[in-house]
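Worksheet for the structure shown next.
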Amino acid sequence: MRRFTGLLDELCAELPLLRTAATSTRCLLLGLVARRMHHAVASFAADGFITPMAAVAGAVAEEILAAMTENAQLSRAYVNNGGDIALHLAGPENFTVGLADRPDVPGSLRTMTIDADDPTRGIATSGRHGRSFSLGIADAVTVLARAASQADAAATVIANAVDLPGHPAILRCRACDLQPDSDLGARLVTRDVGELSRDEVDDALEAGAARARQLLGAGLIEGAALRLQGELIGVGTKAIQTPEFRPILRHSAAEGVIHV
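Each residue of the sequence shown is one higher than the one before, starting from 0 at the first, in numbering that gives the first Met the number 0.
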């Protein structure tokens with residue numbers, strides 16, 4: 000509680016820089032959490048537009064978890080910041096994550112368990128139904144990574160890659176028309192997606208999965224689950240590749256993460 004007091008004020012003090020496109024090298028930010036946000040997105044900056052704001056929820060979750068573990072002997076702890084989760088696991092402990100349907104629909108779709116010996120310590124979800132704007136059409140992309148801030152940034156990148164550019168069934172508008180101070184400026188964000196054919200859904204998901212596999216190969220994520228209009232694809236990690244969570248599963252689409 001003491002660490003959270005003033006934390007958002009610290010970020011607001013550097014908000015103009017946090018809303019500026021990140022570079023892969025130079026960081027002018029001063030605050031600890033702000034610099035963690037930049038570090039999380041820097042690996043993606045060379046490949047396209049991204050700002051440190053893409054990692055804000057995960058970075059804040061990490062900071063609060065650090066305060067908890069520094070002040071108590073804990074074998075299992077987590078901070079869930081609106082679905083972006085920072086984990087602490089030791090010994091025989093594990094953590095079960097539920098992939099939920101849309102935020103306004105209760106219940107979970109699938110679960111996966113993260114053990115203490117698994118490198119995953121961060122979980123995040125991005126997509127067009129989330130709290131932030133998305134350039135892609137994914138209902139949701141959930142990412143496992145070694146840190147919550149890294150998972151947060153990667154989920155944004157992969158969700159943006161799930162797309163069918165120029166498709167007439169996809170409604171887009173400028174981010175700044177919806178939110179004048181959006182860090183996305185005049186970039187087109189997805190507002191609605193009409194019915195797509197099975198092949199179109201598969202093409203969009205494969206575009207996102209290809210990006211996820213690149214990030215997995217580069218060591219930037221531990222795995223991802225991508226969902227769009229009833230289709231789900233899993234990439235990487237033993238948690239995602241369990242019999243209960245098959246790499247390709249025909250099921251209802253989902254959005255968000257809940258903890259169990």
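The beta-carbon is built from N, C-alpha and C at its ideal position, and this holds for glycine as well.
| request: Would you tell me roughly how many angstroms separate the C-alpha atoms of Val114 and Ser74, rounded to the nearest one? | output: First, the residue type needs correcting, since residue 114 is Asp and not Val in the sequence shown. CA-CA distance, Asp114 to Ser74, rounds to 12 Å.
| request: Less than 8 Å between the CB atoms is what I'm expecting for Leu215 and Gly233, so what's the real figure, rounded? | output: Separation of the CB atoms of Leu215 and Gly233 is rounded to 11 Å, and the pair is thereby denied contact status at 8 Å.
| said: Using the three-state DSSP reduction, which class does Ala211 fall into: helix, strand or coil? | reply: Ala211 falls in the helix class under three-state DSSP.
| For Asp202, which residues of its own chain have a beta-carbon under 8 Å away from its beta-carbon, when the five flanking residues on both sides are left out? | Same-chain partners within the cutoff: Leu163.
| Tell me the DSSP bridge mates of Thr95? | DSSP output for Thr95 lists Thr112 as bridge partner(s).
| said: Within 10 Å of its beta-carbon, does Glu194 have 16 or more other beta-carbons around it, so buried, or fewer, so exposed? | reply: It counts as exposed.
| query | Just the Cα atoms here: how many angstroms apart are Met36 and Gly57? | reply | Put simply, the backbone Cα of Met36 is about 8 Å away from that of Gly57.
| Minimum C-alpha distance to Asp46 - residue among Asn80, Gln213 and Glu69 | Ranking the options by Cα distance to Asp46, first place goes to Gln213.
| request: Quick one: using the 10 Å Cβ neighbour count with 16 as the cut-off for buried, is Met0 buried or exposed? | output: The residue in question, Met0, is exposed, as its Cβ has fewer than 16 Cβ neighbours within 10 Å.
| query | Near Ala347, what residues of its chain come up, given a Cβ to Cβ distance below 7 Å and the 5 sequence neighbours on each side ignored? | reply | For residue 347 there is no data in the structure shown, the boundaries of the chain being 0 and 259.
| query | Roughly how many whole angstroms lie between the Cα atoms of Ser181 and Arg18? | reply | CA-to-CA, the gap between Ser181 and Arg18 works out to about 8 Å.
| request: Could I get the ranges of all uninterrupted alpha helix (DSSP H) runs contained in the stretch 152-202, with 4 residues as the minimum, in chain order? | output: Within the stretch 152-202, the complete alpha helix (DSSP H) runs of at least 4 residues are 174-177.
| Residues near Leu204 in its chain [Cβ-Cβ closer than 7 Å; skip 5 each side] | Excluding sequence neighbours, Leu204 sits near Val161, Leu225, Leu227, Glu230 and Ile232.
| said: When you compare the CB positions of Ala39 and Ala152, do they come within less than 8 Å of one another, or not? | reply: Judged by their CB atoms, Ala39 and Ala152 are nearer to each other than the 8 Å cut-off.
| query | Excluding five sequence neighbours on each side, which residues of the same chain lie with their C-beta closer than 7 Å to the C-beta of Glu13? | reply | Same-chain partners within the cutoff: Leu28, Leu29, Gly30 and Ala33.
| query | Looking at the structure shown, is Ile63 part of a helix, part of a strand, or coil, going by DSSP? | reply | Of the three classes helix, strand and coil, the one that applies to Ile63 here is helix, per DSSP.
| said: Would the stretch 82-99 count as touching the stretch 116-133 if we require 3 or more Cβ pairs under 8 Å? | reply: Three or more Cβ pairs closer than 8 Å define a contact, and the stretch 82-99 meets that threshold against the stretch 116-133.
| N-terminal and C-terminal residue of the beta strand (DSSP E) that Leu14 is part of | Leu14: not part of any beta strand (DSSP E); member of the alpha helix (DSSP H) spanning Leu14 to Leu17, first to last residue.
| query | Assuming Gly126 and Ala144 make a contact with CB atoms under 8 Å, what is their CB distance in whole Å? | reply | Not confirmed; about 16 Å, so no contact.
| field | Exposure label - Glu62; buried when at least 16 CB within 10 Å | value | Burial call: buried.
| query | Which residues in the same chain have their Cβ closer than 6 Å to the Cβ of Thr22, if we skip the five residues on either side of it in sequence? | reply | Hits under 6 Å: Ala44.
| request: Report the rounded CA-to-CA distance for Ala54 versus Ala89, giving the unit in angstroms. | output: So the two alpha carbons sit approximately 25 Å from each other.
| task | Can you tell me which of the three DSSP states Leu6 falls into? | result | When DSSP states are grouped into helix, strand and coil, Leu6 belongs to the helix group.
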